[in-house]
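Undergrad: Just so you know, the sequence shown maps onto residues 401 to 644 in this note's numbering.
All C-beta atoms, glycine included, are put in the ideal place defined by N, C-alpha and C.
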Amino acid sequence: MRGVFLSAAGLLVEQTRAATAGRTLHNLETPGFAAETAILHATWSSLRRGDPGGPRGLLVGQSPGLVWSTAALRPREGVIRSTGKPADLALQGEGFFVLAGEEGEVLTRNGSFSLDNEGYLIGAGARRVLGTDGPIRASGGELAVTLTGQVYVGGAQVAQLRLEAAEVGLAPALPGAVYPRPATAEPAGEDLRVQQGALEFSGGDLVGEVTTMMTALRSYEAAQRVTRTHDELTQRLLEKLGNF
Numbered sequence: 401m402r403g404v405f406l407s408a409a410g411l412l413v414e415q416t417r418a419a420t421a422g423r424t425l426h427n428l429e430t431p432g433f434a435a436e437t438a439i440l441h442a443t444w445s446s447l448r449r450g451d452p453g454g455p456r457g458l459l460v461g462q463s464p465g466l467v468w469s470t471a472a473l474r475p476r477e478g479v480i481r482s483t484g485k486p487a488d489l490a491l492q493g494e495g496f497f498v499l500a501g502e503e504g505e506v507l508t509r510n511g512s513f514s515l516d517n518e519g520y521l522i523g524a525g526a527r528r529v530l531g532t533d534g535p536i537r538a539s540g541g542e543l544a545v546t547l548t549g550q551v552y553v554g555g556a557q558v559a560q561l562r563l564e565a566a567e568v569g570l571a572p573a574l575p576g577a578v579y580p581r582p583a584t585a586e587p588a589g590e591d592l593r594v595q596q597g598a599l600e601f602s603g604g605d606l607v608g609e610v611t612t613m614m615t616a617l618r619s620y621e622a623a624q625r626v627t628r629t630h631d632e633l634t635q636r637l638l639e640k641l642g643n644f
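#1: State yes or no: is the C-beta of E506 within less than 7 Å of the C-beta of L499?
#2: How far does the beta strand (DSSP E) with P580 in it extend, from its first residue to its last?
#3: Just to confirm the assignment, what range does the beta strand (DSSP E) spanning S482 have?
#4: Is T424 helix, strand or coil by DSSP?
#5: Is L543 near P486, with beta carbons less than 7 Å apart?
#6: Among the candidates L563, V626, A556, whose CA atom is the shortest distance from the CA of R581?
#7: Applying the criterion that 16 or more other CB atoms from any shown protein chain within 10 Å of the CB defines a buried residue, is P431 buried or exposed?
#8: Going along the chain, which unbroken runs of the beta strand (DSSP E) with 3 or more residues stay wholly within the region 531-574?
#9: Among the residues of its own chain, which have a CB less than 8 Å from the CB of Q557, if the five just before and after it don't count?
#10: Using the DSSP secondary-structure output, state which residues sit across from F497 in a beta bridge.
#11: Kindly indicate the opening and closing residues of the beta strand (DSSP E) around A490.
#12: Give the secondary structure of L638 by DSSP, where H, G and I count as helix, E and B as strand, and everything else as coil.
#13: If we ignore side chains and look at the alpha-carbon of each, how far apart do T508 and P535 end up?
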């Protein structure tokens with residue numbers, strides 16, 4: 401039965417690789433989206449370490465050494481493009497904007513902001529952009545944002561952007577390139593800079609992601625054939641045993 405489990409593990413791995421490449425391709429033009437990559441771990445070592453997202457137990461007959469896969473953010477900065485829109489903000493360096501929504505506080509590098517009908521600065525999903533003193537109201541004058549995140553309206557400072565650093569490598573992305581805010585989030589370092597009138601895009605490699613997806617699909621088909629072969633051999637063995 402080990403052969404069946406090994407080929408089944410291969411199916412799951414290639415399925416994750418293809419899905420990960422597909423998400424990156426789909427979000428090439430999504431501001432703030434971080435390209436993802438599939439990460440493989442040994443089943444046995446994952447169980448011993450208690451990795452988040454890893455298997456909770458070995459199946460009957462499953463041997464240590466099988467792999468599971470998950471998606472994690474690639475640690476690289478995206479491509480910044482100028483838009484000329486005052487409410488568009490891009491981050492240079494490690495860190496996130498903080499938004500407030502119905503689900504609580506979330507993190508994002510998607511700086512495609514606008515004003516709601518109450519004059520508050522909002523981001524993905526109409527979540528309000530947070531400053532160090534709460535939601536930022538930015539109506540009533542020309543909007544200006546400094547490199548360090550100070551927000552001015554009509555020449556007067558109205559807020560300081562709340563910028564945080566956090567590890568969100570295994571967190572599932574919500575629509576709009578938004579990530580749940582972990583409890584370990586902390587104020588971003590002084591090297592983080594805000595660029596007004598610009599947006600950050602994933603910087604994913606179109607050709608590379610398509611190649612990854614096609615390779616994963618071919619490997620998936622090969623693993624399917626191996627699984628079918630093992631199933632047929634097992635069936636024949638059971639039939640022979642039944643004749644005794």
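TA: The answer reads as follows:
#1: Note on residue identity: the sequence assigns Val, not Glu, to residue 506. In this structure, L499 lies closer than 7 Å to V506 by Cβ.
#2: Residue range 578-580 is occupied by the beta strand (DSSP E) that includes P580.
#3: If you look at S482, you'll find it in the beta strand (DSSP E) that goes 479-482.
#4: In this structure, T424 counts as helix in the three-state DSSP scheme.
#5: Contact annotation: L543 and P486 have beta-carbon atoms nearer than 7 Å.
#6: L563
#7: buried
#8: 543-545, 550-553, 556-560, 563-565
#9: Q550, V551
#10: T508, L563
#11: 489-492
#12: helix
#13: 15 Å
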